[in-house]
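These protein sequence lines map, in sequence, to chains A and B.
Each step along the first sequence adds one to the number in this note's numbering, with nothing skipped, and position 190 is 491.
Each step along the second sequence adds one to the number in this note's numbering, with nothing skipped, and position 227 is 257.
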Amino acid sequence: MLASAAAAAALLPRRLNPNPNPKPYLLKRLASSTTTSSSARTTPPNPQIPISGAAAATAAEVESNPTPLFLRPAEHPIPATSLAAFRRRAESLIPPTAPHLHRHLRWLLADAAGEDPALLRLPLGDLEALWIRHVRDRRPFQYVVGNEHWRDMVVAVREGVLIPRPETEAVVEMVGNVEGFEGGWWADLGTGSGAIAVAVARMMGPKGRVFATDVSEVAIEVARLNVQRYGMQDKVEIRHGSWFEPLEDLKGKLMGVISNPPYIPTEDLPGLQPEVGWHEPKLALDGGKDGLEHLLHLCEGLSSVLKPGGFFVFETNGNKQSEFLVDFISTKWDSSFCDVGAVLDFADIKRFVTGYRR
Amino acid sequence: MARALLRITRCYSSPLSSLTFPPPPPLLHRGAAPPLRFLSISSSSPSPPPSSSAATWDGPGVKGGGDGEDFLGMSDDELMGQCEMGTFKASGPGGQHRNKRESAVRLRHRPTGIIAQAVEDRSQHKNRASALSRLRTLIALRVRKPINLEDYTPPVELLQILPLKSTIRGKDVGPQIGPNNPKFAPGMQALLDLLFAVEGSVSEAAKILGLSTGAVSRLILSDDALRTAANEVRAAKGLKPLK
Ligand SMILES: C[S@@+](CC[C@H](N)C(=O)[O-])C[C@H]1O[C@@H](n2cnc3c(N)ncnc32)[C@H](O)[C@@H]1O
């Protein structure tokens with residue numbers, strides 16, 4: 302069962318004094334922009350324009366609440382007419398040629414409202430600020446609502462933790478295909494939001510365990526929230542530290558190692574999509590030279606933590622990296638691993654490397 | 031990379047469960063998975079994908095696929111088992127490089143070649159459920175089952191979508207089911223089968239259904255997809271479209 306908003310709030314400290322007042326200046330600003338000449342509105346928002354002082358301050362304030370929006374209590378009454386007016390103003394900021402933004406608006410309203418549509422989880426002024434930040438600053442939608450729908454789960458996310466990608470869903474399937482996986486001990490290294498760890502744990506039997514590690518404190522906090530939301534505290538153990546360091550006591554005992562480490566070559570970071578490059582943590586993306594730094598480190602440590610017959614799966618940057626790793630592991634550690642190969646993602650890219658410890 | 035190389039992946043069970051994970055599926059060793067084939071679909075404009083759910087028919091004209099098999103009577107899992115599932119081929123490197131929330135699903139129903147897709151929802155899981163329900167509608171519209179008019183009695187699915195004034199509709203059939211109800215699809219299929227058997231004649235169909243010609247026309251016109259399919263049946267027999 303999903304834990305309640307109250308549990309989430311208990312876990313992540315809320316602001317002591319959440320500001321209950323809408324931001325009048327912001328409302329006015331937006332309201333006036335809808336009544337003045339339409340030319341200003343029809344130009345698509347330019348992501349490069351920094352938000353003006355007032356809105357920026359508000360946005361920062363809104364984001365300082367660590368409880369994901371969709372888990373906050375719905376305690377702000379809102380008349381249907383104000384909500385309809387907000388919808389119109391919000392729509393006026395996005396061109397009809399951006400269907401994804403129209404979907405985001407629908408989803409934002411769905412996540413911002415409580416069961417009773419007359420109650421919002423935040424003041425209307427804050428909602429306006431969030432929407433502006435999304436369309437103008439290209440702040441990822443998932444950070445706005447505080448979640449990503451991933452596999453059959455709703456994974457909580459926030460700034461400082463990587464938004465789980467649809468490609469990564471396949472990792473869970475691969476783990477599920479390993480004989481006896483449900484009773485073994487597994488590690489998810491660089492767990493981030495904990496998406497993989499929780500999804501794997503949910504398929505496990507009573508003896509199965511996932512040790513989920515990350516070096517980032519934010520990741521640890523968010524992963525903990527997701528573990529709790531899905532009631533997996535007995536199956537997922539979260540450990541703070543770098544790669545294998547927190548697993549000293551588990552050497553030779555793991556049935557499997559899973560990791561989606563940072564794999565983007567450092568030199569590619571400046572060219573990333575703004576939603577990614579401007580807003581997601583560099584710690585979760587930067588794979589160093591050729592993007593291989595962490596992947597190679599993981600390969601090095603594998604054989605000492607896996608028990609004989611143990612399985613590993615790594616996500617990679619795609620074809621070249623996967624081919625390199627398959628080649629590298631089968632040449633350098635031929636005596637330690639077998640069945641090493643690349644696995645395609647849904648776009649036919651060799652996205653994963655898998656294999657077994659001999 | 032050869033496109034022919036298909037990933038063999040285990041099917042998620044129960045496509046309609048959203049927040050509860052289905053019970054752990056039987057354990058399989060790598061390579062022993064049932065052959066649900068995942069295809070990548072190259073979409074001509076890869077980004078953004080089609081803005082709304084859509085469905086297409088890749089077969090020539092109306093064909094009676096599957097030897098009169100009752101596809102609509104199957105459970106979601108059974109129907110899914112007859113499908114190839116594809117997702118849209120993403121452009122660019124994907125993975126950590128990309129933030130893209132929309133996840134499209136495309137189902138190709140092998141016995142009939144019918145394709146249904148969905149892209150509107152927030153997760154692959156929900157998209158799959160919508161694609162599946164769209165597939166049911168398309169099967170109803172496209173797959174004609176032959177009927178023998180000599181000893182024909184309209185099935186209950188058909189009776190359920192008829193207006194209450196039909197003289198052959200017993201009281202126990204319950205209220206009339208409209209186009210928004212998922213149970214409308216099998217009724218629609220039966221109605222089209224009948225129309226096909228009477229060579230597109232609405233008045234003939236009306237007699238059999240115990241209704242006036244006008245009432246049957248109105249029923250057909252109440253749903254756009256049904257109207258289109260009915261008019262295709264009529265056009266094939268050289269009859270004017272219903273408007
Ligand atoms: C690409 S993200 C993957 C997150 C999550 N597993 C997923 O698939 O959505 C990489 C993760 O590795 C973590 N990480 C980076 N350096 C690390 C290190 N030295 N030790 C452990 N984790 C690290 C990052 O904090 C980040 O959460």
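Positions of the beta carbon are idealized from the N, C-alpha and C atoms, including for glycine.
The nearest non-hydrogen atom of ligand 1 is less than 7 Å from the C-beta of Q126/B.
Residues of the same chain with a CB within less than 7 Å of the CB of L102/B, apart from the 5 flanking positions on each side, are R166, I169, A170, A215, P216 and Q219 in chain order. The beta carbon of L224/B sits no closer than 7 Å to any heavy atom of ligand 1. Counting C-beta atoms within 10 angstroms of its own C-beta, C113/B has 16 or more neighbours from the protein chains shown and is therefore classed as buried.
Taking a cut-off of 8 Å for Cβ pairs, the segment 194-202 of chain B and the segment 247-256 of chain B do not touch, as fewer than three such pairs fall below it. The C-beta of L573/A comes closer than 8 Å to at least one C-beta of chain B. Contact between G602/A and E594/A fails: their C-beta atoms lie close to 13 Å from each other, not under 8 Å.
Among the residues facing chain A, N129/B is included, as its CB has a counterpart in that chain under 8 Å away. Of all residues in the segment 460-476 of chain A, the ones placed with a Cβ closer than 9 Å to any Cβ belonging to chain B are L463, I464, R466, P467, E468, T469, E470, A471, E474 and M475, in chain order.
At a Cβ-Cβ threshold of 8 Å, F615/A and F653/A count as neighbours.
In the three-state DSSP reduction, L421/A falls in the strand class (E or B). DSSP places D640/A inside the beta strand (DSSP E), whose first and last residues are F638 to L645. At a cut-off of 8 Å, the C-beta of W408/A has a neighbouring C-beta in chain B. Shown in chain order are the members of the segment 152-168 of chain B whose Cβ falls below 9 Å from a Cβ of chain A: R152, S153, Q154, H155 and K156. For the pair N527/A and F387/A, the Cα-to-Cα distance works out to about 31 Å.
Within chain B, the residues placing a beta-carbon under 9 Å from that of N618/A are P123, G125, Q126 and H127, ordered along the chain. For D628/A, no CB of chain B lies under 8 Å from its own CB, so it is not counted at the interface with that chain.
Counting only Cβ-Cβ distances below 8 Å, L586/A has contacts in chain B at Q126, in chain order. The Cβ-Cβ distance between V558/A and V606/A falls below 8 Å. Listed in chain order, the beta strand (DSSP E) elements of length 3 or more contained wholly in the segment 424-476 of chain A are 448-451 and 454-457. When DSSP reads this structure, S560/A sits in a beta bridge with L490/A and F615/A. Of the candidates S153/B, A134/B and L241/B, the residue whose Cα lies closest to the Cα of L189/B is L241/B. With respect to the C-alpha of K621/A, the residue from K554/A, V644/A and K633/A having the closest C-alpha is V644/A. Each residue's CA atom was taken as its position, placing C639/A and P609/A some 11 Å apart. Remark: the C-beta of W544/A is in contact range of ligand 1, defined as less than 7 Å to any heavy atom.
Judged by DSSP in its simplified three-state form, D202/B adopts helix.
Close CB contacts of L420/A within its chain, under the 8 Å cut and outside five residues either way in sequence, are with A375, E376, H377, P378, I379 and A414 (chain order). Contact with chain B is absent for A457/A, since none of that chain's Cβ atoms lies less than 8 Å from the residue's Cβ.
Looking at the DSSP output, H405/A shares a beta bridge with no other residue.
Proximity to G484/A across R373/A, V537/A and M556/A peaks at M556/A, based on C-alpha coordinates. Close partners of V577/A in chain B (Cβ separation under 8 Å): Q126, H127, R128 and N129. Taking all protein chains in view, the Cβ of K583/A is surrounded by fewer than 16 other Cβ atoms within 10 Å, so the residue is classified as exposed. Going by beta carbons, A513/A and V473/A fall outside the 8 Å limit. With its beta carbon at least 8 Å from every one in chain B, H598/A lies outside the interface.
Annotated three-state conformation of R257/B is helix, per DSSP. At least one heavy atom of ligand 1 lies closer than 7 Å to the C-beta of S494/A.
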